[in-house]
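Remarks on the structure that follows.
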Amino acid sequence: MSTPFDLIPTLDNLLFETAQSIDEFSDSFVPQTRSADERFGDFQANGVLPYAKRAGINPRELAQKLIDALPDSEDWTIELAGPGFINFTLSSRFLLRWIMEHGTAKNLAKVARTKEPEHVVVDYSSPNTAKQMHVGHIRSTIIGESIARILQYQGHKITRDNHLGDWGTQFGILLLAIKEEKVSLDNLGGDPIAILENLYRHGNARIKEEEYALLQARQELVKLQDGDPENLQLWEKIRDISMSSFLKIYELLDVRFDHSLGESFYRDKVDEVYSSLSDHKICQEDDGALVVFHPEHKRFAKQPFIIRKSDGASNYATTDLATLAYRQKDWHADQVIYVTDGRQRDHFEQLFLTASKWFNADDVKLPKLDHVWFGTILGDDNKAIKTRDGQPIKLIDLLEEAMKRAAEMVRQKNAELPEDEVEKRARIIGLGAVKYADLSQDRTLDYVFSWEKMLAMQGNTAPYLQYAVARIHSIFRKLNSLPTDSFTSARVPESDPERKLSRKLLFFPLVLKQATRELKPHFLCTYLYELATEFSSFYNQEKVMVDEKDTRNLRLLLCASTQAVLTTGLGLLGIETLEEM
RNA sequence: GCUCCUGUAGUUCAAUGGAUAGAACAUUGGUCUCCGGAACCGAAGAUCUGGGUUCGACUCCCAGCGGGAGCGCCA
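Here the first sequence is numbered in this note's numbering, starting from 356 and rising by one per residue.
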């Protein structure tokens, strides 16, 4: 008999089915099983309370009836508590069985797989070409990657698409500056992207001081969009320079895209958007622009979704519609997840409404659409982050600073370590800290930037989790054994620390489900931190390498399983682990 | 003006309508012949205000107050 990976559906079913044999219950009963505070057991079902209330029955009496009807089980004991909670306390044998069956990375991965895999496109990172990535891009990149990994882990087919901003107004300005300053893009030296960014800044200043320059910039953009060979060539070079600067960052962050289909990719697909939406009378002309209103919506009845500007040019609403159509038609996406700043919520709400009407009119199945939005990164003044001279903090600087600080700590810990090993550890620890700092808080909240916080190595941080993993490696190293060895003769968990750690391991599937349902990795972070804390406490209280074989095996099994869950979980956050640190 | 988000210890953050609101940092007291002290154990300390819904509210609703954002040709 196999032990259920996620106990909640099992208990839910058991309670529901049993309830059906009792007169007072109907099929509208929802057991509401959830993990319980450890003071009350391991799982609790709360559903009797609201049900009894509705039926006008005493909840404690009804709960008792249900408990009496439940079949006896060797796997748990059941208790009535409080106003009508039903508490389940798992038997030690069950805990041991679960850990033995599921507690390796391989088995976890197997059992976490969904029976209904879907094709999910994750649209994230999406920087603008011609500019460097700055701290503002870190959230989309890190959160998007984690969500992609979480879904992929559960067996979904994931397409990672970097929707570059490579066709917008910034090119007119940049092209103007390049031509006015007669810059050759062929030898820009060691940091070409920085030079491009400076040029852009010059151009931007020019169009603000002189109206003629503004007209020229617009003209350069029109020329580019009309396929002018010179501008197109320059544009391609700019794109290449930008991409190579992005790739450096993606490599550090261990992010790889399947596609980088920017806005330019859709430039010959926007006409189809205009004509189709016009044919279906979804859009209308207004002040010379083509717009979509949603009369049924309290805000978008008046607030337009502009899909073609009055000068005839497309904008990001147009390309986003074209992009969605492409993802549906060519990729057969079941779901599309957009990971962007929360300030774009209106845009995506309008996009989803418009797409829904459009696809419906064309009788095409609309993929499930999710806007995974996150808060702004703020500075000390509670305004969007800027450096003192008003420039955004470059992402590459942040990452290098993190690695530098981590390297210092690694050297302090181990002075004789060869430099390449220091660098390797510094990368995993430093970048892990940066990722974790971002992922560990609810993404919808604004984020106050501080180097201390981003690079913190103590407390609820990646290095703390990595440290727990490294310690477990150290145990097995000493024992000349492997975490993947089998520990078949282990005894059941008895002591408080053994039991607490065991039950924590069992909650991994619940957390995975929650993080997936809400597309919020911080649930996973909180859990991993609690697991690591529980492990440290256990490890402090219980000697692992004892002579008594069955006890040692149990404790080693707990170590191995903890390591498997921590490593797996951190992997889902895009964070690597070390055998020694 | 309209709309949305947000308000929890000194600070930074958790908490699926569920039982006594949980951590970290900082403060502070301990553990140290220990299998890695990047550790462990303890103390102190919080739900903006006022109503409402509910058996039960940090959570949902209404009204204030404070902070932030969006609102026609940027993305």
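The beta-carbon is built from N, C-alpha and C at its ideal position, and this holds for glycine as well.
Contact check for residue 857 against residue 450 passes: the beta carbons are separated by less than 8 Å.
Exclusion of the five residues before and after residue 680 leaves no residue of its chain whose Cβ lies closer than 7 Å to its Cβ. As computed with DSSP, residue 641 is found in a beta bridge with 644. Around residue 884, the same chain offers 815 as residues with beta carbons nearer than 6 Å, after the five sequence neighbours per side are excluded. When rounded, the separation of the alpha-carbon atoms in residue 476 and residue 574 is 35 Å.
Judged by DSSP in its simplified three-state form, residue 388 adopts strand. With distances taken between CA atoms, residue 689 lies nearest to 514 out of 361, 508, 514 and 417. Collapsing the DSSP output to three states places residue 752 in a helix.
A Cβ-Cβ contact shorter than 8 Å links residue 740 with residue 804. Residue state for residue 686 is assigned as coil, using DSSP reduced to three classes.
Using a Cβ distance threshold of 8 Å, residue 454 and residue 912 count as a contacting pair. Bounds of the beta strand (DSSP E) holding residue 398 are 398–400. With the rule of 3 Cβ pairs closer than 8 Å, the stretch 876–890 counts as touching the stretch 817–825.
Closest in alpha carbon position to residue 380, among 547, 516 and 420, is 420.
In terms of CA proximity to residue 396, 437 leads the group 437, 423 and 375. Within a 10 Å sphere around the beta-carbon of residue 499 sit 16 or more other beta-carbons, which makes this residue buried.
The C-beta of residue 618 has 16 or more other C-beta atoms within 10 Å across all chains shown, which makes the residue buried. By the C-beta criterion, the stretch 761–775 is judged not to be in contact with the stretch 843–861, since fewer than 3 inter-stretch pairs fall below 8 Å. Between residue 391 and residue 370, the C-beta gap is not smaller than 8 Å, which leaves the two residues out of contact. Below 8 Å, too few C-beta pairs join the stretch 704–724 and the stretch 527–543 to call them touching: fewer than three. The stretch 650–659 makes no contact with the stretch 557–566; the number of CB pairs closer than 8 Å stays below 3. The bridge partners DSSP lists for residue 440 are 436. In this structure, the straight-line span from the alpha carbon of residue 671 to that of residue 542 is close to 32 Å.
Remark: C-beta atoms of residue 376 and residue 424 approach each other more closely than 8 Å. When only Cα atoms are considered, residue 467 and residue 864 end up about 7 Å apart. Annotated three-state conformation of residue 522 is coil, per DSSP.
Within the same chain, Cβ atoms closer than 7 Å to the Cβ of residue 569 are found at 562, the five residues on either side in sequence being excluded. In the three-state DSSP reduction, residue 367 falls in the helix class (H, G or I). Nearest neighbour of residue 606 by Cα position, chosen from 448, 793, 922 and 496, turns out to be 496. A residue is called buried once 16 or more other Cβ atoms fall within 10 Å of its Cβ, and residue 895, having fewer, is exposed. Closest option to residue 724, judged by alpha-carbon separation, among 444, 414 and 478: 478. For residue 512, the three-state secondary structure derived from DSSP is strand. In the DSSP annotation of this structure, the continuous segment of the beta strand (DSSP E) that includes residue 660 starts and ends at 660–663. Cβ contact annotation for residue 521 (same chain, cutoff 7 Å, sequence separation greater than five): 484, 594, 617, 618 and 619, in chain order. Nearest to residue 470 by alpha-carbon distance, out of 923, 511 and 746, is 511. Non-local C-beta neighbours of residue 374 in its own chain, meaning closer than 7 Å and more than five positions away in sequence, comprise 380, 384 and 421, ordered along the chain.
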